[in-house]
Amino acid sequence: MHHLHREKLFSLFDENQNGVVFIQGADTMYRYSTDYEFPFRQESNFWYLTGANEAECALLLDLNKEEYHLFVPERDTQYAVWHGYVKTKEQYQEQYKPDHLHYSNKLLTVLNQLNPERVFCLNEEQAEFIEDLDRGFNVDTEALVDALTYCRVLKTNWELDQMRKASQVNNEAYIQVMKSIKPGMFEYELKAVFNQVQLRHGLLQDAYNGIFASGVNASILHYVENNSQIKDGDLFLMDAGFECNGYASDFTRTFPANGKFTDIQAGIYQAVLDGQKAVIDAVKPGVKMEDLHMLASRIMMKGLIKLDIIRGDLDEMMEQNVFALFFPHGLGHFLGLDTHDVGGYPKGVDRIDRPGIKFLRARRELQPGMVVTIEPGIYFVPAVLEPAMKNPEQSKFLNVEKVKSLLDFGGVRIEDDIVVTETGHENLTNVPKEIEEIEALMAG
Ligand code: GLY
Ligand code: MN
Ligand code: MN
70 MHHLHREKLF SLFDENQNGV VFIQGADTMY RYSTDYEFPF RQESNFWYLT GANEAECALL
130 LDLNKEEYHL FVPERDTQYA VWHGYVKTKE QYQEQYKPDH LHYSNKLLTV LNQLNPERVF
190 CLNEEQAEFI EDLDRGFNVD TEALVDALTY CRVLKTNWEL DQMRKASQVN NEAYIQVMKS
250 IKPGMFEYEL KAVFNQVQLR HGLLQDAYNG IFASGVNASI LHYVENNSQI KDGDLFLMDA
310 GFECNGYASD FTRTFPANGK FTDIQAGIYQ AVLDGQKAVI DAVKPGVKME DLHMLASRIM
370 MKGLIKLDII RGDLDEMMEQ NVFALFFPHG LGHFLGLDTH DVGGYPKGVD RIDRPGIKFL
430 RARRELQPGM VVTIEPGIYF VPAVLEPAMK NPEQSKFLNV EKVKSLLDFG GVRIEDDIVV
490 TETGHENLTN VPKEIEEIEA LMAG
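So in the numbering used here, spot 425 of the sequence shown is number 494, and the numbers just go up one at a time.
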């Protein structure tokens, strides 16, 4: 399938130009200078174009001939002793089917033969590496990034299938956690349940550091310690996902540790759910992520008014950015080989300088083949709310007594992975999220 990705990239460059693309794949990473080896994860662009899950490789794409050169390391016997094998050139050729296969030490020789007018690189570091080989090469670090971003944003059917598989396993893992949780357990025990389902299905790589947050920890957006004991009455927010063939899933669910929402938990949860569902319903080609962000914010604010947590005129609150006090992150982001995938901001489009929405990671019109997360949330973050309660401009919208009583509430986030289709969308996430469904699942 990766040959389709190369063809897509070739089609974006002028075939008459005498240029090459150069990408260095990922190296094995170690913890400082010890021999603790991190699990290998290929660099996403290299993986996209080659499907080669090997450390220390590089590629050249000859844009004129549309040929693919793969460079692999020449290993010695010591490597075989520690890693179990040394692949022959024939094995590499058979596995990855490049037009030309070389050992890495031939890079300069091949570059000199191709004699390109321009070498397109991913970043300054790789461009410097090429320049250091020979000062005669002209490097460009913009066109390749733009072209790869364009390619990766619109997923092929094969890519969507990998994301569907990652999501199917994620669905199962979430349901297993919801059935397993009990007050008194530690957060990491649920991480163990979650990871066990992923590993059992052969998904070995997490897409990001999973968040398994009980009670007040759920108000910490990147809580990854996952080491607190879960109390009866806590909500539990989990945000985790694994990759299938490099493609991520990224869900969030929030549910009561003891299986039953309290009234206030249900009220706040429903406000988030109403916002999330309305936004997902609105996903279709032509819609803008920033408009969806504001739609979710507005619906959640309506919910908080109904609960008498905030007070006043909804339009005025929206104008005064009251939503940012409770929803301090973006509605969602592109998803793919990276969890926060490329392409959220097309060239010339900047972040919106406004509280809350400035953290939005994607700001463009949705098109068929894009995959986005939709993940609104409401959080009670003391570091945000305590100053707001002291600021008359903001505190006039707050029911201060009620907000004070909720400072240890934590938070609620609900996150689904959504494919934009010609006619609307496909939701890859299929984990119960209605209050009655969650309670029924957890009771069962
Ligand atoms: N877990 C990262 C995110 O939801 O964006
Ligand atoms: Mn997430
Ligand atoms: Mn996300």
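For glycine and all other residues, C-beta sits at the position ideal for the given N, C-alpha and C. All figures in this text were calculated on a predicted structure; none of them were measured in a lab.
Taking the beta strand (DSSP E) that residue i falls in, what are its first and last residues?
| i | result |
| --- | --- |
| Asn496 | His494 to Asn496 |
| Ala127 | Ala127 to Asp131 |
| Thr321 | Phe320 to Pro325 |
| Glu136 | Glu136 to Val141 |
| Gly279 | Careful: Gly279 lies outside any beta strand (DSSP E) and carries neither H nor E. |
| Tyr292 | Taken as a continuous stretch (DSSP letters only), Tyr292 belongs to no beta strand (DSSP E), as it is neither H nor E. |
| Ile92 | Gly88 to Gln93 |
| Val469 | Element bounds for Val469: not the beta strand (DSSP E) but the alpha helix (DSSP H), Val469 to Ser474. |
| Phe305 | Leu304 to Ala309 |
| Asp96 | From DSSP, Asp96 is part of no beta strand (DSSP E); its letter is neither H nor E. |
| Val285 | No beta strand (DSSP E) contains Val285, which DSSP labels as neither H nor E. |
| Gly480 | Gly480 to Arg482 |
| Ile487 | Asp485 to Val489 |
What span of residues does the alpha helix (DSSP H) with residue i cover, start to end?
| i | result |
| --- | --- |
| Glu76 | His71 to Phe79 |
| Leu510 | Ile504 to Ala512 |
| Ile374 | Met358 to Lys375 |
| Val341 | Asp332 to Ala351 |
| Leu118 | Ser113 to Thr119 |
| Pro461 | Pro461 to Ser464 |
Tell me whether the beta-carbon of residue i lies closer than 9 Å to the beta-carbon of residue j.
| i | j | result |
| --- | --- | --- |
| Leu405 | Arg221 | A small fix is needed here, since residue 405 is Gly in this sequence, not Leu. Yes, the Cβ-Cβ distance between Gly405 and Arg221 is below 9 Å. |
| Leu342 | Lys502 | yes |
| Lys353 | Leu435 | yes |
| Ala127 | Gln93 | yes |
| His402 | Gly425 | no |
| Phe263 | Gly279 | yes |
| Tyr243 | Arg322 | yes |
| Arg433 | Asp308 | no |
| His169 | Tyr117 | no |
| Ala287 | Gly480 | yes |
| Val89 | Leu223 | no |
| Asp201 | Ala317 | no |
| Arg423 | Asn390 | yes |
| Glu312 | Gln265 | no |
| Pro437 | Ala326 | no |
| Gly513 | Lys156 | no |
| Glu125 | Thr146 | no |
| Glu143 | Asn192 | no |
| Asp319 | Thr490 | no |
Should residue i be listed as close to ligand 3, given that the test is whether its C-beta is under 8 Å from any heavy atom?
| i | result |
| --- | --- |
| Asp230 | no |
| Glu484 | yes |
| Gly568 | There is simply no residue 568 to check, as the chain begins at 70 and stops at 513 in what is shown. |
| Leu78 | no |
| Asp217 | Reading the sequence as shown, one finds Leu at residue 217 and not Asp. It does not: the Cβ of Leu217 is nowhere closer than 8 Å to a heavy atom of ligand 3. |
| Leu429 | no |
| Leu435 | no |
| Leu361 | no |
| Leu404 | yes |
Check whether the Cβ of residue i sits closer than 8 Å to any heavy atom of ligand 1, and report yes or no.
| i | result |
| --- | --- |
| Tyr101 | no |
| Glu258 | no |
| Asp308 | yes |
| Glu211 | no |
| Ile280 | yes |
For residue i, verify whether its CB is less than 8 Å away from any heavy atom of ligand 2.
| i | result |
| --- | --- |
| Thr321 | yes |
| Tyr277 | yes |
| Thr408 | yes |
| Glu444 | yes |
Answer yes if the stretch 286-300 comes into contact with the stretch 460-471, meaning at least three C-beta pairs across the two stretches below 8 Å, and no otherwise.
Too few Cβ pairs lie closer than 8 Å, so no.
Ignoring anything shorter than 3 residues, give me the beta strand (DSSP E) runs that lie fully in the stretch 191-263, in order along the chain.
Runs of the beta strand (DSSP E) lying entirely within the stretch 191-263, each at least 3 residues long, are absent.
Would you check if there are 3 or more beta carbon pairs closer than 8 Å linking the stretch 444-456 to the stretch 358-378?
A contact exists between the stretch 444-456 and the stretch 358-378.
Evaluate the contact criterion for the stretch 206-221 versus the stretch 172-188: three or more CB pairs, one atom per stretch, below 8 Å.
They touch, by the three-pair rule.
Taking the runs of the beta strand (DSSP E) that are 3 residues or longer, which of them lie wholly in the stretch 377-453?
Segments of the beta strand (DSSP E) lying fully in the stretch 377-453: 440-443 and 446-448.
On the three-pair Cβ rule with 8 Å, is the stretch 236-247 touching the stretch 485-499?
Counting Cβ pairs under 8 Å, three or more are found: they touch.
Decide if the stretch 213-220 is in contact with the stretch 73-84; the criterion is three or more beta carbon pairs, one per stretch, under 8 Å apart.
With the rule of 3 Cβ pairs closer than 8 Å, the stretch 213-220 counts as touching the stretch 73-84.
Evaluate contact between the stretch 132-139 and the stretch 103-112, counting only Cβ atoms and requiring at least three cross-stretch pairs below 8 Å.
The answer is no - the stretch 103-112 does not touch the stretch 132-139, with fewer than three Cβ pairs under 8 Å.
Between the stretch 469-485 and the stretch 418-433, do three or more beta carbon pairs fall short of 8 Å?
Three or more Cβ pairs closer than 8 Å define a contact, and the stretch 469-485 falls short of that threshold against the stretch 418-433.
Run through the stretch 139-188 for me and flag every whole alpha helix (DSSP H) of 4 or more residues, listed as ranges in chain order.
Within the stretch 139-188, the complete alpha helix (DSSP H) runs of at least 4 residues are 146-152, 158-165 and 176-183.
Please determine if the stretch 409-422 and the stretch 452-459 are in contact, where contact requires at least 3 C-beta pairs separated by less than 8 Å.
Result no; under three Cβ-Cβ pairs closer than 8 Å.
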